[in-house]
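Heads up, the thing below is written out as structure tokens.
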Amino acid sequence: MDYDRTSVPDSYDAGREIADDKKRAFVAEFAQITGTSDISKIIDLGCGTGRFSATLADVFDADVLGVEPSSRMIAQAREKHDDPRLSFAEAPGEALPVEDSSADMIFMSMVLHHLKDPSRVALECWRALRAGGMVCIRNSMADEVGTYPYLDVFPSIRTIIERQLMTRAQLVDVFGQYGFSLKANETRWHDIAPNWSAFAEKMALRADSFVAQLSDAEFETGLAALREKALTAPQDESARLRVDLIVFQLD
Ligand SMILES: C[S@@+](CC[C@H](N)C(=O)[O-])C[C@H]1O[C@@H](n2cnc3c(N)ncnc32)[C@H](O)[C@@H]1O
22 MDYDRTSVPD SYDAGREIAD DKKRAFVAEF AQITGTSDIS KIIDLGCGTG RFSATLADVF
82 DADVLGVEPS SRMIAQAREK HDDPRLSFAE APGEALPVED SSADMIFMSM VLHHLKDPSR
142 VALECWRALR AGGMVCIRNS MADEVGTYPY LDVFPSIRTI IERQLMTRAQ LVDVFGQYGF
202 SLKANETRWH DIAPNWSAFA EKMALRADSF VAQLSDAEFE TGLAALREKA LTAPQDESAR
262 LRVDLIVFQL D
């Protein structure tokens with residue numbers, strides 16, 4: 022998806038905010054699998070507004086290059102961060118602006134389903150990483166579309182999601198063809214809002230790219246239903262998204 026042709030960049034940070042402690046916990050899970058001592062150069066591929074870039078630099082004590090094709094997303098990343106460990110480059114994952122074998126780790130959060138050519142991105146990861154380098158992926162997978170928290174209120178969103186997400190098997194094939202082996206694959210529930218009214222107000226910002234693809238009429242009707250549901254849901258019940266934490270290692 023070309024984010025610059027949508028309104029998603031305008032509301033991304035407000036609509037997709039994750040508390041710092043939660044972000045740190047996600048990234049620390051990857052660090053437990055990869056270790057941190059051999060990782061000093063990270064590419065945050067499809068970094069968007071840099072939601073994870075600073076946390077990656079902190080947890081791994083590493084330099085992070087955020088690579089992002091949307092000029093409106095990367096402009097926000099640049100504006101928000103003045104940490105000397107962070108730099109940003111406007112480019113797609115299919116053409117990483119780095120030397121061969123120059124990175125220790127490539128991180129991708131919720132990017133897989135936006136790639137024009139996932140196979141080309143896997144080839145670029147192979148080129149950019151040193152031997153033994155890792156690709157760490159945080160993404161929902163097509164295998165669990167049924168767990169999305171708003172399927173009941175937006176009738177056509179399931180088809181949109183199914184069309185875009187990859188299955189685990191497809192992902193393993195895409196990276197496997199370039200000699201990456203699967204080092205870890207764990208599934209987690211990530212809190213995306215502390216309760217259903219907070220979730221409805223996040224969805225109202227239409228910063229979720231699947232929600233952004235709905236017709237205005239379906240969006241408005243579904244949002245009203247979500248707000249209605251929030252009135253009766255327990256106030257301490259969080260809205261959660263099922264995501265995979267996947268690590269590939271280059272032989
Ligand atoms: C859901 S956002 C995720 C941003 C960030 N990783 C995060 O977790 O907040 C998806 C991002 O992927 C970017 N994207 C789309 N096509 C891409 C491509 N071919 N290569 C790299 N990133 C791409 C979009 O511009 C957008 O910023």
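Per our numbering, residue 22 is the first one in the sequence shown, and the count goes up by one each step. A virtual CB, placed ideally from N, CA and C, is assigned to each residue, including glycine.
Counting every other CB atom within 10 Å of its CB across the protein chains shown gives P30 a total of 16 or more, marking it as buried. Taking C-beta atoms as the reference points, G67 and D229 fail to come closer than 8 Å. Exposed is the label assigned to G56, since fewer than 16 other Cβ atoms lie within 10 Å of its Cβ.
Between ligand 1 and the CB of Y24, the shortest heavy atom gap is smaller than 7 Å.
About 7 Å separates the Cβ atoms of A116 and E145, confirming a contact at the 8 Å cut-off. I181: member of the alpha helix (DSSP H) spanning 178-185, first to last residue. Near ligand 1, meaning a Cβ closer than 7 Å to any of its heavy atoms, lie the following residues in chain order: M22, Y24, R37, D65, L66, G67, C68, G69, T70, R72, F73, V88, E89, P90, S91, M94, P113, G114, E115, M129, S130, M131, V132, H135, L136, K137, V142, S230.
Beta-bridge analysis with DSSP links R159 to S130, L266. Unbroken alpha helix (DSSP H) runs of no fewer than 4 residues, entirely contained in the segment 97-153, are found at 139-149, following chain order. Taking a 10 Å sphere around the C-beta of W147, we find 16 or more other C-beta atoms and assign the residue as buried. As a beta-bridge residue in DSSP terms, N206 pairs with I267.
From the listed residues R141, I127, D164, E50, the smallest Cα separation to R151 is found for I127. By the beta-carbon neighbour count (other beta carbons within 10 angstroms, threshold 16), W217 is buried. For D23, no alpha helix (DSSP H) encloses it, and the DSSP letter there is neither H nor E. Sequence-distant Cβ neighbours of M22 in its own chain, meaning closer than 7 Å and more than five residues away, are H135, S230. R159 sits close to L266, with the two beta carbons spaced by under 8 Å.
For E241, there is no enclosing beta strand (DSSP E); the residue is found in the alpha helix (DSSP H) stretching over 237-253. Only buried fits P139, as 16 or more other CB atoms lie within 10 angstroms of its CB. In the displayed model, G87 falls within a strand according to three-state DSSP. Residue pairing by DSSP puts L66 in a beta bridge opposite V88.
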